[in-house]
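Going by UniProt numbering, the first residue of the sequence shown is number 1, and it counts up by one from there.
Virtual Cβ for every residue (Gly too), placed ideally from N, Cα, C.
From a predicted model like this one, the values you see are computed outputs, not experimental measurements.
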Amino acid sequence: MAKKAVPVKKNETLTLAFEDLTHEGNGVAKVNGYPLFVPYGLPGEQALVKVIKVNKNFGFGKLLEVKQASPDRVEAPCDVYYKCGGCQLQHMSYDLQLNMKRNQVKNVMRKIAHMSHVPVHPTLGMTDPWRYRNKVQIPVGEKNGELITGFFQKRSHRIIEDMDTCVIQDEVNDRMVEAVRRIANQLGITAYDESKHRGVLRHIMVRTGRETKDTMIVLVTRTDKLPEQDKLIQALTETYPHIKSIVHNVNKEITNVILGKKTKVIWGDDYIYDTIGNIRFAISAKSFYQVNPPQTKVLYEKALEYANLNSSDVVIDAYCGIGTISLFLAQQAKKVYGIEVVPEAISDAKRNAKLNGITNVEFVVGEAEKVMPWWKAQGLHPDVIIVDPPRKGCDGDFLQAMIEMQPKRIVYVSCNPSTLARDLKILDEGGYETKEVQPVDMFPQTNHVEAVSLLERKMSN
1 MAKKAVPVKK NETLTLAFED LTHEGNGVAK VNGYPLFVPY GLPGEQALVK
51 VIKVNKNFGF GKLLEVKQAS PDRVEAPCDV YYKCGGCQLQ HMSYDLQLNM
101 KRNQVKNVMR KIAHMSHVPV HPTLGMTDPW RYRNKVQIPV GEKNGELITG
151 FFQKRSHRII EDMDTCVIQD EVNDRMVEAV RRIANQLGIT AYDESKHRGV
201 LRHIMVRTGR ETKDTMIVLV TRTDKLPEQD KLIQALTETY PHIKSIVHNV
251 NKEITNVILG KKTKVIWGDD YIYDTIGNIR FAISAKSFYQ VNPPQTKVLY
301 EKALEYANLN SSDVVIDAYC GIGTISLFLA QQAKKVYGIE VVPEAISDAK
351 RNAKLNGITN VEFVVGEAEK VMPWWKAQGL HPDVIIVDPP RKGCDGDFLQ
401 AMIEMQPKRI VYVSCNPSTL ARDLKILDEG GYETKEVQPV DMFPQTNHVE
451 AVSLLERKMS N
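And the structure:
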């Protein structure tokens, strides 16, 4: 059988029509049925495209010029959007972003789960999809003897120099990064040079309570000592009274990991506080805490609705983190059991339960797939199980343990539609029918989407 020729050549320039979007937000154009994926292209547009990579079944192109623009094309408000890569969708109207994310979930439900019949609702978005992130971690560099801060350029470790703001960050975070850079510069604190593994200041991390406006600054250095520490603290705290905590983190490793193992509060409190709904959370430098609390509330309210709890229900919250969902559930359930593999997260969860006076929760450190069979052997029969796993989805043993516990309902919260669809298929084969899926836009301007699914145990004949 003759090998099918690829209809385009590398470096060729073509005028193409975009007809679809990939799950990453790239435009899809076809040349004699051969797909080309082109960043920043939108469906319905005609554009001049340069072919930059050719594979057997698909290729990649670069957008040179839009000849006929889509009504969904908008001017990106960020000056460095096309350099940065932190956001992928700022050139799209927000309606198209929400629609794209819903389609992403619908596609995997059809292709991977084989559940085209299951309703996937319109994505729940934000009224104002900007300035939502409550945490920034930004690298520090040097140019002409001056400190610079900025995210890395796409696929590189070069800092974007002309970056003084990030339009998806809380403005307080922006101002704090600028203040630390300016004061550290005046005090002669040097930036870390990763090529030589020399210098001092590696990263500036800022966390802000959305509701409380409490701020924590974390200074990550290669060195055990933070030079001019007292002067830096004085200059920051006298100028910015909303700073509640300044933390020094030491990272001596040659690594891309931002935080090192050694963390010390050098001024103020160990924690800052924030609220989601009516639950208060204590947040330390290393706490896992959702970066978009308003949408977290939307997500959890949907999970709570799907859980459909009454005061006699027992719930297991697997992958419970710092107990965020658990504490919401505990307000309606008889008892909630939370499992998490990270010991520090469980410590935070217990602290947060105490902080809110919630006593009907029990948090356990361990792997869910090992803890759940043990609980089952002890006679624990949950009415509802909530899962919120990492991107890789649920472990096969864990899915099996969940099926064997036979809860009435399972609520599956996911940050990766593909692994969600894979796991829903396994749960379906184990006797759980997926009733509906609700996408939620936790990260506007990016191609990430969260989804909440309701599963009910099938009635045996």
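Going residue by residue through the region 86 to 173, where are the continuous beta strand (DSSP E) segments of at least 3 residues, counting only ones entirely within it? If only complete runs of 3 or more residues are kept, the region 86 to 173 shows the beta strand (DSSP E) at 135 to 143, 146 to 149, in order along the chain.
When we look at the beta-carbon of Glu45 and count the other beta-carbons within 10 Å, is it buried (16 or more) or exposed? Looking up residue 45 in the sequence shown gives position 45. Taking all protein chains shown into account, Glu45 has 16 or more neighbouring C-beta atoms within 10 Å of its C-beta and is therefore buried.
Considering only the beta carbon of each residue, do Lys425 and Glu456 sit closer than 7 angstroms? Taking the first residue of the sequence shown as 1, we reach residue 425 at position 425. Taking the first residue of the sequence shown as 1, we reach residue 456 at position 456. When the beta-carbon positions are compared, Lys425 and Glu456 stay at least 7 angstroms from each other.
Are the CB atoms of Tyr337 and Glu301 nearer to each other than 7 angstroms? Stepping through the sequence shown from its first residue, residue 337 is reached at position 337. Stepping through the sequence shown from its first residue, residue 301 is reached at position 301. Contact: no.
Here's a check: name, in chain order, each residue in its chain whose Cβ is nearer than 6 angstroms to the Cβ of Leu329, leaving out the five neighbours to either side. Start at 1 with the first residue of the sequence shown, and residue 329 comes out as number 329. The answer, listed in chain order, is Val315, Val336.
Thinking C-alpha only, which one of Arg181, Arg155, Asn134, Lys286 is nearest Gly145? For the purposes of this step, residue 145 is identified with residue 145 of the sequence shown, where counting begins at 1. Considering only alpha carbons, the answer is Arg181.
How about the region 373 to 382 and the region 270 to 278: do they share at least three Cβ pairs that are nearer than 8 angstroms? Judged by Cβ distances under 8 angstroms, the region 373 to 382 makes no contact with the region 270 to 278, as fewer than three pairs qualify.
Kindly indicate which residue of Asn310, Tyr289, Gly277, Ser311 has the alpha-carbon position closest to the one of Lys298. On the sequence shown, position 298 is the one that residue 298 refers to. According to the sequence displayed, residue 298 carries Val and not Lys. By alpha-carbon distance to Val298, the top candidate from Asn310, Tyr289, Gly277, Ser311 is Gly277.
Looking only at its own chain, which residues have a Cβ that is under 6 angstroms from the Cβ of Lys213, when we skip the five neighbours before and after it? Numbered from its first residue, the sequence shown carries residue 213 at position 213. The beta carbon of Lys213 sits closer than 6 angstroms to those of His242, all from its chain and outside the five residues before and after it, given in chain order.
Kindly list the residues whose CB is nearer than 6 angstroms to the CB of Met100, restricted to its own chain and excluding five residues on each side of it in sequence; keep chain order. Counted from its first residue, the sequence shown places residue 100 at position 100. Hits under 6 angstroms: Leu21.
Pick from Glu65, Ile112, His91, Tyr94 that is closest to Leu420, judged by C-alpha positions: Against the sequence shown, residue 420 aligns to sequence position 420. Measuring from the Cα of Leu420, the nearest candidate turns out to be Ile112.
Just to confirm the assignment, what range does the alpha helix (DSSP H) spanning Lys401 have? In the sequence shown, counting from the first residue as 1, residue 401 sits at position 401. Reading the sequence as shown, one finds Ala at residue 401 and not Lys. Per DSSP, Ala401 belongs to the alpha helix (DSSP H) from 396 to 405.
Under 7 angstroms Cβ to Cβ from Thr446, same chain only, skipping five residues before and after it: list those, please. Here residue 446 refers to the residue found at position 446 of the sequence shown. Closer than 7 angstroms at the Cβ level, and outside the excluded window around Thr446, lie Cys87, Gln88, Leu89.
Exposure of Leu187, with buried meaning 16 or more beta-carbon neighbours within 10 Å: Here residue 187 refers to the residue found at position 187 of the sequence shown. By the neighbour-count rule (16 or more Cβ atoms within 10 Å), Leu187 is not buried but exposed.
Per the DSSP calculation, Pro35 is bridged to which residue(s)? In the sequence shown, counting from the first residue as 1, residue 35 sits at position 35. Partner(s): Lys30.
So, for Thr223: in the same chain, excluding its five sequence neighbours on each side, which residues have a beta-carbon less than 6 angstroms away from its beta-carbon? On the sequence shown, residue 223 is found 223 positions in, with the first residue counted as 1. Result list for Thr223: Val200, in chain order.
C-alpha distance - Leu124 paired with Gln438, whole-angstrom precision: Your numbering for residue 124 matches position 124 in the sequence shown. Your numbering for residue 438 matches position 438 in the sequence shown. Roughly 8 angstroms between the two C-alpha positions.
Best match in Tyr319, Lys9, Leu147, Arg133 for proximity to Pro343 [C-alpha to C-alpha]: If you number the sequence shown from 1, residue 343 lands on position 343. Of the candidates Tyr319, Lys9, Leu147, Arg133, the one whose C-alpha sits nearest the C-alpha of Pro343 is Tyr319.
Chain B contact for Val384 (CB, 7 angstroms cutoff): The structure shown has no chain B; it contains just one protein chain.
Along the beta strand (DSSP E) that carries Val298, what are the first and last residues, could you check? As a working note, residue 298 is residue 298 in the sequence shown. Per DSSP, Val298 is not a residue of any beta strand (DSSP E); the alpha helix (DSSP H) it occupies stretches across 293 to 307.
Leaving out five residues before and five after Tyr40 in sequence, what residues of the same chain have Cβ atoms less than 6 angstroms from its Cβ? Indexing the sequence shown from 1 puts residue 40 at position 40. By the criterion of a C-beta distance shorter than 6 angstroms, Tyr40 is surrounded in its chain by Leu63, His91, once the five residues flanking it on both sides are discounted.
Based on DSSP bridge pairs, tell me the residues matched to Val361. Position 361 of the sequence shown holds residue 361. Beta-bridge pairing links Val361 to Val336.
So, at 6 angstroms on beta carbons, what are the nonlocal neighbours of Ser312 in its own chain, with the 5 sequence-adjacent residues on each side left out? Taking the first residue of the sequence shown as 1, we reach residue 312 at position 312. Only Lys334 meet the Cβ criterion.
Could you give the first and the last residue of the continuous beta strand (DSSP E) run that contains Lys262? To locate residue 262, count along the sequence shown from 1; it is residue 262. First-last of the beta strand (DSSP E) with Lys262: 262 to 268.
Cβ neighbours of Asp164 in the same chain (closer than 7 angstroms, five flanking residues each side left out): Along the sequence shown, one-based indexing puts residue 164 at 164. Hits under 7 angstroms: Glu178.
Which residues bound the alpha helix (DSSP H) around Tyr81? Walking along the sequence shown from the start, residue 81 turns up at place 81. Start and end: 81 to 84.
Using only CA atoms, which one of Lys376, Val452, Gly431, Glu433 lies nearest to Val440? Within the sequence shown, numbered from 1, the residue matching residue 440 stands at position 440. Nearest in C-alpha terms to Val440, of all of Lys376, Val452, Gly431, Glu433, is Val452.
Whether Val247 touches Lys262 by CB criterion (7 angstroms): The residue you call residue 247 lines up with position 247 of the sequence shown. The residue you call residue 262 lines up with position 262 of the sequence shown. No.
With H, G and I counted as helix, E and B as strand and the rest as coil, what does DSSP make of Asn461? Start at 1 with the first residue of the sequence shown, and residue 461 comes out as number 461. Confidence is the limiting factor: at Asn461 the pLDDT is only 39, short of 50, which leaves the residue's position unreliable, though a coordinate-based value still follows. Of the three classes helix, strand and coil, the one that applies to Asn461 here is coil, per DSSP.
Is Asp317 buried or exposed, if buried means 16 or more other CB atoms sit within 10 Å of its CB? In the sequence shown, residue 317 corresponds to position 317, counting from 1. Around the CB of Asp317, 16 or more other CB atoms lie within 10 Å, so the residue is classed as buried.
Look at the alpha carbon of Gly141 and the alpha carbon of Thr149, and state the distance between them as a whole number of angstroms. The count along the sequence shown starts at 1 and reaches residue 141 at position 141. The count along the sequence shown starts at 1 and reaches residue 149 at position 149. If you take the alpha carbons of Gly141 and Thr149, they lie about 6 angstroms apart.
Helix or strand or just coil, what does DSSP make of Asp428? Within the sequence shown, numbered from 1, the residue matching residue 428 stands at position 428. Three-state DSSP puts Asp428 in a helix.
Just to confirm, are Phe288 and Gly321 a CB contact at a threshold of 7 angstroms? As a working note, residue 288 is residue 288 in the sequence shown. As a working note, residue 321 is residue 321 in the sequence shown. Result yes, Cβ atoms of Phe288 and Gly321 sit closer than 7 angstroms.
Per the DSSP calculation, Met205 is bridged to which residue(s)? Translated into positions along the sequence shown, residue 205 becomes position 205. BP columns for Met205 point to Gln137, Val218.
How is Trp198 classed by DSSP in three states: helix, strand or coil? As a position in the sequence shown, residue 198 is number 198, starting the count at 1. Checking the sequence shown, residue 198 turns out to be Arg, not Trp. Strand.
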